[in-house]
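One structure is given here, and the rest of the page talks about it.
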Amino acid sequence: MNRIQKLNALKTIQYNCKEDELSQLEVSGIECIRQDIILFQDVSFKLHTGDLLQIDGVNGSGKSSLLRLLAGLMQPNAGEIIWQGKEISRCRYEYQQEIIYIGHLNGVKDALTALENLRVMVALAGSKPDIPLSNALDQVELAGMDTIPLSRMSAGQKRRVALARLFVTKAAIWLLDEPFTSLDASGKLVIERLIAEHCARGGIIIFATHQPMEIENCSIMHIHLGKK
Amino acid sequence: MYSYWNVFRVIFLRDIILASRYRAELANPLIFFIMVIVLFPFAFGSDPELLRRVTAGMIWITALLASSLSLEGIFRSDYDDGSAEQMVLSGCPLTLLVAAKITAHWCLTGLPLIIIAMLTAYLLSLSTQALQALFLTLLLGTPVLSLIGAIAVALTVGLRSGGMLLSLIILPLYMPTLIFSMLAVENAMVDLPVDAELYFLSGMLALSVTLAPIATAYSLRIRMS
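For the record, the sequence lines run as chains A and B. Under this note's numbering, the residue at position 141 of the first sequence is numbered 121, and the numbers go up by one with no gaps. For this note's numbering, count along the second sequence from 1 and bump the result up by 1100.
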């Protein structure tokens, strides 16, 4: 009896460990060198489900580079990035299905309409969206603009189309590089709400921005790059 | 989870739609092709015997140059607007996405090029056997040009002096295709069998279909980092 209880207890612990491990992104001692300049050295942090991390730093301190490293677009010069106990370059495709990266560039086509762009995003992500694509455009306040090519939209509207990716594709880890660039106040609000929801669902968000951020029910962790 | 066929289809159609919205860019290599072929008899005189001898070679060289001209743009806009980044980061094998893009590129430039080439070759009074051989070599050879070219384009995309570097990388790799295609047409003109050359071209096509997308995907990944 006693032994069975012990075994059960052990199982629970292992299960917990596994759960914990599953949701965790661990960065240990990474270093990034670009054009012979050391951008940052020995950056380490651990993220669990529901964590929100803001990367601070002056221009040129390597915020975007850190996000590109985390996305797996670049390899760190030293250190490693571990997801679910594995180095991300060892499980590239599995990892990439779990992330959404929105960089400086929107990754949308000017000649295509908003809806066509979303269709490409969904196909690339390989997941069925929960909501119809035109609803996603409503969510980013672009209702009725589905059939207008992006070349006729403003910079802020293009950014909104890029951010609509967050509504139509599913991923645990969001990597957002200056998500609020060219967005107006209401656009910012939409994205903040979305971030709060994703954290509540147990997702991980890492973003770089200059603007001070306040998100309800979420505590934001900070990491500072470059000299203070 | 992924329907690979679906992803392939979406990316293929995306490139076709994009091309249909930038028609001028699409027509550029074809107009270049027609221009060279039309100017050629003016420069060399209208001696039909001479024209018959050089037509096939001229068509092949022009097709080769037109192909490398159009290839340059295959990844450029994707690189500039961040779509390439998203492709590299999608959980779907990059090789498949690249293959879809190359297929679309060949359908948009290779196919029309073959049609125009056959028309001009006919006008320049090539014999039926030679026409047949020319058609087969173009059909087997132009995909090889697109596939091999894509590797070099992926390597040089986003570089300022990319164009020059591209030509340097591409031209030696295009040589075998050109040599065997010309041999086939020359043999056909004197009623010799062309099987050996066609087999060799098919072999090159099979090799580039299987290996070039992998190499292109790898090159693109390097350029992204």
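Glycine is no exception: its CB is placed at the ideal position from the N, C-alpha and C atoms.
Buried versus exposed, by CB contacts within 10 Å (16 or more), residue i
{"i": "methionine 1158 (chain B)", "result": "buried"}
{"i": "histidine 178 (chain A)", "result": "buried"}
{"i": "threonine 1090 (chain B)", "result": "Since the first residue shown for chain B is 1101 and the last is 1325, residue 1090 (chain B) is missing from the structure and cannot be characterised."}
{"i": "isoleucine 1279 (chain B)", "result": "exposed"}
{"i": "glutamate 37 (chain A)", "result": "Reading off the sequence shown, one finds glycine at residue 37 (chain A), where the question assumed glutamate. When all chains shown are included, glycine 37 (chain A) counts as buried."}
{"i": "phenylalanine 20 (chain A)", "result": "buried"}
{"i": "asparagine 1106 (chain B)", "result": "exposed"}
{"i": "isoleucine -7 (chain A)", "result": "Bear in mind that the predicted position of isoleucine -7 (chain A) carries a pLDDT of just 41, short of 50, making it unreliable; the figure below should be weighed with that in mind. So isoleucine -7 (chain A) ends up on the exposed side."}
{"i": "valine 100 (chain A)", "result": "buried"}
{"i": "glutamine 1186 (chain B)", "result": "buried"}
{"i": "leucine 1139 (chain B)", "result": "exposed"}
{"i": "serine 1120 (chain B)", "result": "exposed"}
{"i": "leucine 1311 (chain B)", "result": "exposed"}
{"i": "valine 1244 (chain B)", "result": "buried"}
{"i": "glutamine 171 (chain A)", "result": "Reading the sequence as shown, one finds isoleucine at residue 171 (chain A) and not glutamine. By the neighbour-count rule (16 or more Cβ atoms within 10 Å), isoleucine 171 (chain A) is buried."}
{"i": "threonine 1228 (chain B)", "result": "exposed"}
{"i": "tyrosine 1122 (chain B)", "result": "exposed"}
For residue i, the three-state DSSP class (helix, strand or coil)
{"i": "cysteine 12 (chain A)", "result": "strand"}
{"i": "alanine 188 (chain A)", "result": "strand"}
{"i": "histidine 28 (chain A)", "result": "coil"}
{"i": "aspartate 157 (chain A)", "result": "strand"}
{"i": "lysine 66 (chain A)", "result": "strand"}
{"i": "isoleucine 128 (chain A)", "result": "coil"}
{"i": "valine 1138 (chain B)", "result": "helix"}
{"i": "phenylalanine 1175 (chain B)", "result": "coil"}
{"i": "valine 120 (chain A)", "result": "coil"}
{"i": "valine 1257 (chain B)", "result": "coil"}
{"i": "glycine 1303 (chain B)", "result": "helix"}
{"i": "histidine 84 (chain A)", "result": "coil"}
{"i": "glutamate 1 (chain A)", "result": "A caution first: glutamate 1 (chain A) carries a pLDDT of 48, below 50, which makes its placement in the model unreliable, though a value can still be read off. Three-state result, glutamate 1 (chain A): helix."}
{"i": "threonine 93 (chain A)", "result": "strand"}
{"i": "glycine 59 (chain A)", "result": "strand"}
{"i": "valine 23 (chain A)", "result": "strand"}
{"i": "leucine 7 (chain A)", "result": "Inspection of the sequence shows that residue 7 (chain A) is occupied by valine rather than by leucine. If DSSP states are grouped into helix, strand and coil, valine 7 (chain A) belongs with the strands."}
Proximity test, Cβ basis, 8 Å: residue i and chain A
{"i": "glycine 1145 (chain B)", "result": "no"}
{"i": "glycine 1258 (chain B)", "result": "no"}
{"i": "arginine 1323 (chain B)", "result": "no"}
{"i": "glycine 1241 (chain B)", "result": "no"}
{"i": "serine 1183 (chain B)", "result": "yes"}
{"i": "lysine 1201 (chain B)", "result": "no"}
{"i": "valine 1136 (chain B)", "result": "no"}
{"i": "valine 1294 (chain B)", "result": "no"}
C-beta contact flag for residue i and residue j at 8 Å
{"i": "isoleucine 61 (chain A)", "j": "valine 23 (chain A)", "result": "no"}
{"i": "threonine 127 (chain A)", "j": "proline 159 (chain A)", "result": "no"}
{"i": "isoleucine 1202 (chain B)", "j": "proline 1313 (chain B)", "result": "yes"}
{"i": "leucine 1239 (chain B)", "j": "isoleucine 1216 (chain B)", "result": "no"}
{"i": "alanine 1317 (chain B)", "j": "leucine 1189 (chain B)", "result": "no"}
{"i": "valine 1253 (chain B)", "j": "leucine 1171 (chain B)", "result": "yes"}
{"i": "valine 215 (chain A)", "j": "alanine 94 (chain A)", "result": "Residue coverage of chain A in this structure runs from -19 to 208, which leaves residue 215 (chain A) outside it and unanswerable."}
{"i": "glycine 106 (chain A)", "j": "isoleucine 153 (chain A)", "result": "no"}
{"i": "methionine 1282 (chain B)", "j": "tryptophan 1160 (chain B)", "result": "yes"}
{"i": "serine 44 (chain A)", "j": "aspartate 157 (chain A)", "result": "yes"}
{"i": "proline 79 (chain A)", "j": "alanine 103 (chain A)", "result": "Looking at the sequence shown, residue 79 (chain A) is not proline but isoleucine. In this structure, alanine 103 (chain A) does not lie closer than 8 Å to isoleucine 79 (chain A) by Cβ."}
{"i": "leucine 1208 (chain B)", "j": "isoleucine 1131 (chain B)", "result": "no"}
{"i": "glycine 206 (chain A)", "j": "glycine 167 (chain A)", "result": "no"}
{"i": "leucine 155 (chain A)", "j": "leucine 47 (chain A)", "result": "yes"}
{"i": "serine 1183 (chain B)", "j": "leucine 1255 (chain B)", "result": "no"}
{"i": "glycine 1191 (chain B)", "j": "glutamine 76 (chain A)", "result": "yes"}
Beta carbon proximity, residue i to chain B, threshold 8 Å
{"i": "glutamate 11 (chain A)", "result": "no"}
{"i": "leucine 163 (chain A)", "result": "no"}
{"i": "leucine 53 (chain A)", "result": "yes"}
{"i": "asparagine -4 (chain A)", "result": "With a pLDDT of 42 at asparagine -4 (chain A), under the threshold of 50, the modelled position of that residue is not reliable, and the figure given next carries that caveat. Taking Cβ atoms only, chain B never reaches closer than 8 Å to asparagine -4 (chain A), which makes this a no."}
{"i": "glycine 183 (chain A)", "result": "no"}
{"i": "glutamine 76 (chain A)", "result": "yes"}
{"i": "glutamate 1 (chain A)", "result": "Note on glutamate 1 (chain A): pLDDT 48, under 50, position unreliable in the model; no value is reported."}
Worksheet entry | Positions along the stretch 1185 to 1198 of chain B whose CB lies within less than 9 Å of some CB in chain A | Here the close residues are Glu1185, Gln1186, Met1187, Val1188, Leu1189, Ser1190, Gly1191, Cys1192, Pro1193, Leu1197.
Worksheet entry | Under 8 Å (Cβ pairs) to chain B, residues found in the stretch 86 to 105 of chain A | Those residues of the stretch 86 to 105 of chain A that come within reach of chain B (Cβ to Cβ, closer than 8 Å) are Asn86, Gly87, Val88, Lys89, Asp90, Ala91, Leu92, Glu96, Arg99, Val100, Met101, Ala103, Leu104, Ala105.
Worksheet item: Can you list, in chain order, the residues of the stretch 1114 to 1133 of chain B whose Cβ is nearer than 8 Å to any Cβ on chain C?
Response: Protein chains A and B are contained in the structure displayed, whereas chain C is not.
Worksheet item: Which residues, in order along the stretch 39 to 63 of chain A, keep a beta-carbon less than 9 Å from a beta-carbon of chain B?
Response: Within the stretch 39 to 63 of chain A, the residues whose Cβ lies closer than 9 Å to some Cβ of chain B are Arg48, Ala51, Gly52, Leu53, Met54, Gln55, listed in chain order.
Worksheet item: Which of the residues in the stretch 125 to 138 of chain A, read from start to end, lie with their CB under 8 Å from any CB of chain B?
Response: Flagged, chain order: Pro129.
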